[in-house]
Amino acid sequence: MTQAKPRFRTLEEYAALDPSDLPKGNYELVDGEIIELPAESDLNVVIAGFLFSVFLQFTQHYLIRRGTEIFVSSRSVTSRFPDLMVLNEQGATALDGARRSAVTREMPAPELVIEVVSPGDQNHDRDYIEKPQEYAARDISEFWQVDPIRSVVRVLHLHEEGYQVCEFRGTDAVASQIFPNLQLTAEQILRAGR
7 MTQAKPRFRT LEEYAALDPS DLPKGNYELV DGEIIELPAE SDLNVVIAGF LFSVFLQFTQ
67 HYLIRRGTEI FVSSRSVTSR FPDLMVLNEQ GATALDGARR SAVTREMPAP ELVIEVVSPG
127 DQNHDRDYIE KPQEYAARDI SEFWQVDPIR SVVRVLHLHE EGYQVCEFRG TDAVASQIFP
187 NLQLTAEQIL RAGR
């Protein structure tokens, strides 16, 4: 017998779920429905791990999150699982003791969110069109799109009119307002430090 997937009318309804009632593996909440995502490629995992290790040079480990969900502002009931996010102290404090690692709309927005773009048209639209709109509406000041397929690292900085995009390729030094002392090239990020 096939079990119907639950639909949620509000993020609060979804947030009230016990973590044990959520699916195992990768998923996101889109239009009120839990959508299972394919497993990440090994390169995506390695790039996120590499950036995590680099960011440890600039901030405390408990501010860097992998596997933490974020509730985003959108026309639909939506949550995302970025590949990596960096919180500020207030955001980390707001998550202290939470039964679920989720940055709700009431919590301070992360300072930085990183998405490693996966291949495919659907992933492209989600990572290049939907997520920038959602993250800008959430007031996330810096958003990185690391795209190994197109060999580019895009750093988006939030301004009044939305995100302004800077693209970095090859030996271009990636400029971050969150980590101004960062000394990495696009190539180093795309090759995960190899």
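Using the numbering used here, the first residue of the sequence shown is number 7, and each one after it goes up by one.
Cβ atoms here follow ideal geometry from the backbone N, Cα and C, with glycine treated the same way.
Item: T65 versus L49, A98, S124, residue with shortest Cα-Cα distance; Value: A98
Item: Helix, strand or coil at L17 according to DSSP, with G and I counted as helix; Value: helix
Item: Cβ separation of N94 and P114, assumed to be a contact under 8 Å, to the nearest whole Å; Value: 6 Å
Item: T74 to R156 span [Cα, whole Å]; Value: 26 Å
Item: Neighbour-count burial assignment, S47, 16 or more Cβ in a 10 Å radius; Value: exposed
Item: Which of helix, strand or coil DSSP assigns to F64; Value: coil
Item: Sequence-distant residues of its chain with Cβ nearer than 6 Å to R160 (five each side left out); Value: Q151, V171, E173
Item: DSSP state of D27 mapped onto helix, strand, coil; Value: helix
Item: The stretch 103-111 touching the stretch 129-141, judged by at least three CB pairs closer than 8 Å; Value: no
Item: Inter-residue Cα distance where the pair is G31 and V51; Value: 14 Å
Item: E166, enclosing beta strand (DSSP E) - first and last residue; Value: E166 -> no beta strand (DSSP E), and no H or E assigned at all.
Item: Assigned secondary structure, D133 (DSSP; H/G/I helix, E/B strand, else coil); Value: helix
Item: Local Cβ density within 10 Å of D37, reported as buried at 16 or more and exposed below that; Value: exposed
Item: Which listed residue (E166, F185, L35) has its alpha carbon closest to that of V119; Value: F185
Item: Three-state secondary structure (DSSP) of I195; Value: helix
Item: V60 beta carbon less than 8 Å from that of D89; Value: no
Item: Contact check, F164 vs S182, beta carbons under 8 Å; Value: At residue 164 the sequence reads Leu, which differs from the Phe that was named. In this structure, S182 does not lie closer than 8 Å to L164 by Cβ.
Item: Host alpha helix (DSSP H) of E95 (start-end); Value: 95-101
Item: Residue nearest to E136 in terms of C-alpha spacing, selected from R71, S80, P25, L43; Value: S80
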